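Just so we're aligned: 247 in this note's numbering is position 137 of the sequence shown, and the numbers increase by one with no gaps anywhere.
Just so you know, even glycine gets a beta-carbon here, dropped at the ideal spot from N, CA and C.
This structure is a prediction, so every number in the text was calculated from the model and none was measured.
What follows is one structure encoded as structure tokens, with my remarks underneath.
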Amino acid sequence: MSFHRIAYEALEVCNAVDLDTIEAAIALTDLTPRARALDIGCGNASVSIRLAGRFGLLVEAVEIDPAIVDLARDRVASAGLDARVVLREGASPQVLTASAPYDLIVALGVIEPTGPGIRAPQAMLEGLRAHLSSGGWLLWGDMVWLDEPPGPLRQLVELNNLYTDHDGWQAAAEAAGFEVASAVLSSQDRWDRYGDTMQSAVAAWLDANPTHPDAPAIAGRAHQLKLMFDFGRGVMGFGLYLLRNPV
Numbered sequence: 111m112s113f114h115r116i117a118y119e120a121l122e123v124c125n126a127v128d129l130d131t132i133e134a135a136i137a138l139t140d141l142t143p144r145a146r147a148l149d150i151g152c153g154n155a156s157v158s159i160r161l162a163g164r165f166g167l168l169v170e171a172v173e174i175d176p177a178i179v180d181l182a183r184d185r186v187a188s189a190g191l192d193a194r195v196v197l198r199e200g201a202s203p204q205v206l207t208a209s210a211p212y213d214l215i216v217a218l219g220v221i222e223p224t225g226p227g228i229r230a231p232q233a234m235l236e237g238l239r240a241h242l243s244s245g246g247w248l249l250w251g252d253m254v255w256l257d258e259p260p261g262p263l264r265q266l267v268e269l270n271n272l273y274t275d276h277d278g279w280q281a282a283a284e285a286a287g288f289e290v291a292s293a294v295l296s297s298q299d300r301w302d303r304y305g306d307t308m309q310s311a312v313a314a315w316l317d318a319n320p321t322h323p324d325a326p327a328i329a330g331r332a333h334q335l336k337l338m339f340d341f342g343r344g345v346m347g348f349g350l351y352l353l354r355n356p357v
């Protein structure tokens, strides 16, 4: 059991964005039923399910955490979409390397999606563009700096990836060779609800499982993330970017 396994069961999307916003972005594309999509870091599979169920896409969903893969698998089966959503447990670079180019790649809040050490915005986007078909699409979502963060907050948040502001993500996409089709910032309320939903779900689990062997680690992670969200309120946000690989 882990913080994220508990939190992801409570979230609609495993990031600070809602499914309706994601669906509105995909509706701007020219994707047709049975187009091939890859959902990197699929979490609870809600996005994969929407891509397959609403748009008829054939989705490969990759997730590295075995416990979260189990959650995703249960949700895909409950939605009756086993034939359209293939779940792969593992790291995305191996899946990308082994596959033909995709018509759509979805990458929301992912860490080093194209390989270890590739952490800068432009480099990550360039790496993903190399695995898109001509005219294909990337739906990229990630943390955005809304204001210049204090040094300690930046150091903590950027232990995994490097981040930029709303304009910076779009500039990185264009520098990587993409056309920016849409760019949307989540509201502060949406960001707050994302953090609050996770904390509430984990607090309820800890109350119900006080002697579980993983409880101390889960409580510690919850405390760490709460401090980060509290300290970063008004400085941290989430952006969603629909990017097109030119023909």
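Using a 10 angstroms sphere on the CB of residue 187, the tally of other CB atoms stays under 16, which defines it as exposed. Restricting attention to 269, 137, 328 and 344, the CA atom closest to the CA of residue 117 is found in 328. Shortest Cα-Cα distance from residue 170 to any of 138, 136 and 210 involves 210. By the criterion of a C-beta distance shorter than 6 Å, residue 236 is surrounded in its chain by 286, once the five residues flanking it on both sides are discounted. Taken atom to atom, the span from the alpha-carbon of residue 197 to that of residue 163 is near 15 Å. As computed with DSSP, residue 209 is found in no beta bridge at all. Of all alpha-carbon atoms in 352, 294, 174 and 157, the one lying nearest the alpha-carbon of residue 122 is that of 157.
A residue is called buried once 16 or more other Cβ atoms fall within 10 Å of its Cβ, and residue 224 is buried on that count. Inside the stretch 128–214, DSSP marks whole beta strand (DSSP E) runs of 3 or more residues at positions 146–150, 168–173 and 195–199, from first to last along the chain. The C-alpha of residue 296 is placed about 28 Å away from the C-alpha of residue 143. Contact between residue 168 and residue 194 holds: their C-beta atoms lie close to 6 Å from each other, under 8 Å.
DSSP places residue 331 in the uninterrupted alpha helix (DSSP H) bounded by 325–342.
Its Cα nearest to that of residue 268, the residue 227 stands out among 227, 283 and 293. When the Cα atoms are used, residue 293 and residue 139 turn out to be separated by approximately 14 Å. For the set 166, 151, 212 and 202, the Cα lying nearest the Cα of residue 182 is the one of 151.
Of all C-beta pairs linking the stretch 300–312 to the stretch 274–285, fewer than three are shorter than 8 Å, placing the two stretches out of contact.
Remark: C-beta atoms of residue 231 and residue 345 do not approach each other more closely than 9 Å. DSSP places residue 354 in no alpha helix (DSSP H) but in the uninterrupted beta strand (DSSP E) bounded by 346–354. Listed as beta-bridge partners of residue 279 by DSSP are no residues whatsoever. As DSSP reads the structure, residue 289 sits in a beta bridge with 354.
Annotation: the continuous alpha helix (DSSP H) that includes residue 308 extends over 298–318. Note on geometry: alpha-carbon atoms of residue 147 and residue 178 lie some 20 Å from one another.
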